[in-house]
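Chain order of the listed sequences is A and B.
Just so you know, the numbering used here puts the end of the first sequence at 376, numbered straight through with nothing missing.
Just so you know, the numbering used here puts the end of the second sequence at 376, numbered straight through with nothing missing.
Cβ coordinates follow ideal geometry from the N, Cα and C atoms, glycine included.
Note that the structure is predicted; figures quoted are calculated from it, not measured.
Structure first, commentary second.
There are 2 protein chains.
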Amino acid sequence: MAGVSQTTVSLVLNGTGSRQRRVGEEVANRVLRAIEVTGYAANPVAQSLAGGRSSIVGVYTYEPVFPASAGNFYHPFLEGMETEAQRLGIDLLLFTSMGEGETGLVSGTRLRRLQVADGCVLLGRHSRPEDLDELLRQDFPFAFVGRRAAHRGTVPFAAAAYADATEAVVRRLLDLGHRRVALVNGFTGHESVEDRARGYRRAMASAGRQPVTFDLGDNPVGDLVDALLASDMTAAVVSADLAAPLRLAALDRGLEVPGDLSIARLGDPETPEPVPVDWTGFLIPRREMGVRALQIVMGQLTPGDDTELQTYIPCTVVDGTTVAPPQPAAGRR
Amino acid sequence: MAGVSQTTVSLVLNGTGSRQRRVGEEVANRVLRAIEVTGYAANPVAQSLAGGRSSIVGVYTYEPVFPASAGNFYHPFLEGMETEAQRLGIDLLLFTSMGEGETGLVSGTRLRRLQVADGCVLLGRHSRPEDLDELLRQDFPFAFVGRRAAHRGTVPFAAAAYADATEAVVRRLLDLGHRRVALVNGFTGHESVEDRARGYRRAMASAGRQPVTFDLGDNPVGDLVDALLASDMTAAVVSADLAAPLRLAALDRGLEVPGDLSIARLGDPETPEPVPVDWTGFLIPRREMGVRALQIVMGQLTPGDDTELQTYIPCTVVDGTTVAPPQPAAGRR
DNA sequence: CTGAAAGCGCTTACAG
DNA sequence: CTGAAAGCGCTTACAG
């Protein structure tokens with residue numbers, strides 16, 4: 044013992060907040076020295092129970108994190124989170140115990156178990172709005188990786204700036220002389236799809252062009268190519284996973300890419316494409332999204348912090364060889 | 044309330060052990076119903092503090108888990124652990140906060156933070172013996188992925204059965220007619236290398252052949268090929284990472300594989316080889332090692348459990364095209 | 001500036 | 001078979 048009370052030790056360790064009470068410098072040093080000698084470290088479990096911080100942030104995923112099948116969807120996000128967690132001196136608690144029978148975060152013991160952590164990062168393509176509502180209602184610090192909307196309230200998130208990136212890509216096509224540029228979606232009803240569509244419309248509107256959207260639906264990709272040509276499209280901006288199949292379908296029909304049809308890819312797919320293509324388009328800043336999501340959670344734990352709750356992270360636009368100026372109409376087959 | 048005390052609820056939830064006290068069936072049902080209605084779930088933090096279980100198992104790695112650089116070394120192990128964790132209804136706490144300055148588990152607050160978890164799985168090529176000693180001394184439930192030895196005491200582990208697998212591969216070469224089969228190590232001083240060497244020696248001894256081991260050291264791989272030929276070796280069993288370079292060096296010297304030299308690979312490397320080769324050798328059961336490590340930890344938490352503390356998991360031996368019967372000496376260049 | 005005391009939500013001997 | 005009470009190791013009002 045350094046001759047002080049438990050209270051004082053706690054105060055020394057937990058630092059000095061704004062108008063918090065300070066411990067005498069001399070006493071503080073005495074405590075610090077004793078800590079060094081004894082190798083004392085606070086029991087995080089007790090800290091947590093007593094209302095303090097556990098320095099643990101939960102990671103809740105709506106799908107298994109390490110499935111051989113799903114490739115490495117979560118990998119880059121986790122890499123960012125791990126790096127940031129290390130920097131911040133916190134640990135990550137993986138909530139993997141959501142089994143087949145579970146129905147999300149709200150049900151059962153899941154939400155309760157979250158409380159071990161100071162906050163939580165959520166990831167997953169298929170989130171459940173009721174989970175977000177509940178988290179918001181409980182005032183539990185969290186952040187989603189990717190933009191998510193809730194029925195009411197502000198969902199904190201670290202999202203890719205899909206709108207801006209798509210706008211930039213479409214503008215590039217327009218600048219090359221394309222007049223008929225289509226947006227092609229693989230699926231709909233997701234925030235990321237909406238964001239891309241917004242950027243697309245913005246670019247088209249500012250150039251006075253008519254926006255036209257094609258949805259894949261359940262049809263074969265080949266039909267999509269036919270539809271694009273039937274509409275006299277000279278360029279298409281395509282969601283990440285659909286770009287490669289669309290290009291192959293076009294080549295299959297004897298078209299040249301970008302000669303007959305320019306294709307820009309709106310994001311890089313989770314799994315690397317079997318045949319590498321030098322795409323024009325943009326990349327999703329997955330790693331940085333992970334970093335930022337963690338920062339947003341931690342920001343909510345720090346009173347004076349001014350970290351934005353909803354942040355958009357710029358995507359890197361890349362110039363490849365799948366986009367070229369449109370051919371004169373005569374040249375098209 | 045169901046009209047019972049906190050004690051009773053706790054008893055109902057924590058199940059009935061061996062000679063533990065039982066709660067009246069009628070009362071238990073009443074409690075269960077109330078739990079269902081209210082959606083009650085015990086606070087794991089409090090459970091943990093009170094000496095109960097937190098249903099959290101820590102994962103401590105000696106290198107970052109999600110580095111883009113290191114490929115996916117940990118991925119298959121984690122996949123197994125995640126699957127098993129899900130099955131067991133527990134969560135995984137990633138101890139990622141070991142930064143640059145940290146010096147292992149024992150130092151600083153790391154060991155203390157482990158206590159949030161009921162037990163811990165350790166992974167990493169460069170473990171620290173003092174960590175194992177300390178964990179053993181504290182009687183903290185843990186398991187290593189891969190065989191590890193400590194100064195004293197039994198280190199629980201889930202290891203690949205390298206010795207058996209190597210023995211099987213070498214025996215296969217001997218059965219094909221090879222008389223001079225070399226063991227080639229990329230590095231030394233690791234348990235996994237020792238295990239392979241043991242299997243190699245066993246197979247050679249039982250066939251009455253002289254075991255010869257070549258260590259790469261800091262020399263170029265080409266020298267190794269020369270040394271193998273100078274010693275009239277017709278086959279080599281090679282550690283996972285060295286197999287591909289050795290084969291290339293042999294091809295470079297105008298040799299044929301397996302014509303002039305049979306090469307068997309002792310394990311599959313962490314990162315897929317750039318040029319796929321149809322190797323003869325064995326595969327490391329990484330996924331299953333993760334599963335078993337978790338089972339070993341959980342076994343220590345269950346009084347009557349008879350899970351082996353040290354388990355070896357069989358490797359899959361595969362027949363490829365890098366091994367063939369030895370050529371008559373005349374045919375060798 | 002410092003300490004005694006209550007309380008976080010459980011589990012577990014200990015009495016009935 | 002059941003409950004009152006202590007205690008896990010902290011934090012944080014509340015008094016001095």
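**Request:** Might you give, ordered along the chain, the residues of its own chain that have their beta carbon closer than 7 angstroms to the beta carbon of residue 316/B, omitting 5 neighbours on each side?
**Result:** Excluding its 5 nearest sequence neighbours in each direction, residue 316/B has C-beta neighbours in its own chain below 7 angstroms: 287, listed in chain order.
**Message:** Against chain B, does residue 176/A count as a neighbour if the rule is that its beta carbon must be under 8 angstroms from one of theirs?
**Reply:** Not one chain B Cβ lies under 8 angstroms of residue 176/A.
**Asked** Which residues share a DSSP beta bridge with residue 321/A?
**Response** Paired residues: none, contrary to the question.
**Prompt:** Going along chain A in order, which residues have a C-beta closer than 9 angstroms to the C-beta of residue 138/B?
**Reply:** Residues of chain A whose Cβ lies closer than 9 angstroms to the Cβ of residue 138/B are, in chain order, 134, 135.
**Prompt:** How should residue 122/A be labelled, buried or exposed, when 16 other C-beta atoms within 10 angstroms of its C-beta is the threshold for buried?
**Reply:** Classification for residue 122/A: buried.
**Request:** Measuring alpha carbon to alpha carbon, tell me which of 265/A, 347/A, 342/A, 218/A ends up nearest residue 296/A.
**Result:** Nearest to residue 296/A by alpha-carbon distance, out of 265/A, 347/A, 342/A, 218/A, is 265/A.
**Request:** Please confirm if residue 100/B has its CB atom under 8 angstroms from at least one CB of chain A.
**Result:** Answer no: the Cβ-Cβ gap between residue 100/B and chain A never drops below 8 angstroms.
**Contact belief for residue 305/B with residue 278/B at Cβ below 8 angstroms, rounded distance in angstroms** = The pair is a contact, with the Cβ atoms about 4 angstroms apart (cut-off 8 angstroms).
**Request:** Can you tell me which of the three DSSP states residue 101/B falls into?
**Result:** Looking at residue 101/B - three-state DSSP - the assignment turns out to be strand.
**Request:** Take residue 344/A and list the residues in its own chain whose beta-carbon comes closer than 8 angstroms to its own, dropping the five residues that flank it on each side.
**Result:** Result list for residue 344/A: 96, 161, 162, 184, in chain order.
**Validate contact between the segment 115-135 of chain B and the segment 76-84 of chain B using beta carbons, cut 8 angstroms, 3 pairs** = Contact between the segment 115-135 of chain B and the segment 76-84 of chain B is absent, because fewer than three Cβ pairs lie under 8 angstroms.
**Request:** Note the first and the last residue of the continuous alpha helix (DSSP H) segment covering residue 202/B.
**Result:** Element bounds for residue 202/B: not the alpha helix (DSSP H) but the beta strand (DSSP E), 200-203.
**Request:** State the Cα-Cα distance for the pair residue 230/B and residue 205/B, rounded to the nearest angstrom.
**Result:** Approximately 16 angstroms, taken between the alpha carbons.
**Asked** Is the distance from the Cβ of residue 138/A to the Cβ of residue 103/A below 8 angstroms?
**Response** In this structure, the beta-carbon distance from residue 138/A to residue 103/A falls below 8 angstroms.
**Request:** Taking residue 169/B as the query, report the chain A residues whose CB atoms sit under 9 angstroms from its CB, ordered along the chain.
**Result:** Within chain A, no C-beta atom comes nearer than 9 angstroms to that of residue 169/B; the closest sits roughly 17 angstroms away.
**Asked** Could you give the distance in angstroms between the alpha-carbon of residue 180/B and the alpha-carbon of residue 155/B?
**Response** Roughly 14 angstroms separates the two Cα atoms.
**Message:** Which same chain residues end up closer than 8 angstroms to residue 328/A when comparing Cβ atoms and leaving out the 5 residues on each side of it in sequence?
**Reply:** Excluding positions up to five away in sequence, the list reads 203, 356, 357, 358, 359.
**Request:** Could you pull out every residue in the same chain whose Cβ sits closer than 7 angstroms to the Cβ of residue 244/A, ignoring the five residues on either side in sequence?
**Result:** Sequence-distant partners of residue 244/A (beyond 5 residues in either direction) whose C-beta falls short of 7 angstroms from its own C-beta, in its chain, are 254.
**Asked** chain A partners of residue 107/B, CB-CB under 7 angstroms?
**Response** Chain-order list of chain A residues neighbouring residue 107/B: 125, by C-beta distance under 7 angstroms.
**Message:** Within 8 angstroms of any Cβ in chain B, is that where the Cβ of residue 282/A sits?
**Reply:** Interface with chain B (8 angstroms Cβ-Cβ cutoff): residue 282/A is excluded.
**Asked** With respect to the alpha helix (DSSP H) encompassing residue 342/B, which residues constitute its N-terminal and C-terminal limits?
**Response** Run containing residue 342/B: 329-344, per the alpha helix (DSSP H) assignment.
**Prompt:** In chain order, what residues of the same chain have a beta carbon less than 6 angstroms from the beta carbon of residue 98/A, not counting five sequence neighbours either side?
**Reply:** Counting only Cβ-Cβ distances below 6 angstroms, and skipping sequence neighbours, we find 133.
**Message:** Would you say residue 84/B lies against chain A (beta-carbon separation less than 8 angstroms)?
**Reply:** So yes, residue 84/B belongs to the interface.
**Message:** Please state the DSSP three-state secondary structure of residue 138/A.
**Reply:** Correct three-state label for residue 138/A: strand.
**Message:** On the CB-based measure, 16 or more other CB atoms within 10 Å of its CB, does residue 194/B come out buried or exposed?
**Reply:** Residue 194/B is exposed by the Cβ-count criterion.
**Message:** Here's the rule I'm using: 16 or more other beta-carbon atoms within 10 Å means buried, otherwise exposed. How should residue 85/B be labelled?
**Reply:** Here residue 85/B is buried. Its C-beta has 16 or more other C-beta atoms within 10 Å.
**Prompt:** Rounded to a whole number of angstroms, what is the C-alpha to C-alpha distance between residue 319/B and residue 226/B?
**Reply:** Cα to Cα, residue 319/B sits roughly 22 angstroms from residue 226/B.
**Asked** Tell me the DSSP bridge mates of residue 353/B?
**Response** The partner list for residue 353/B (beta bridge, DSSP) reads 200/B.
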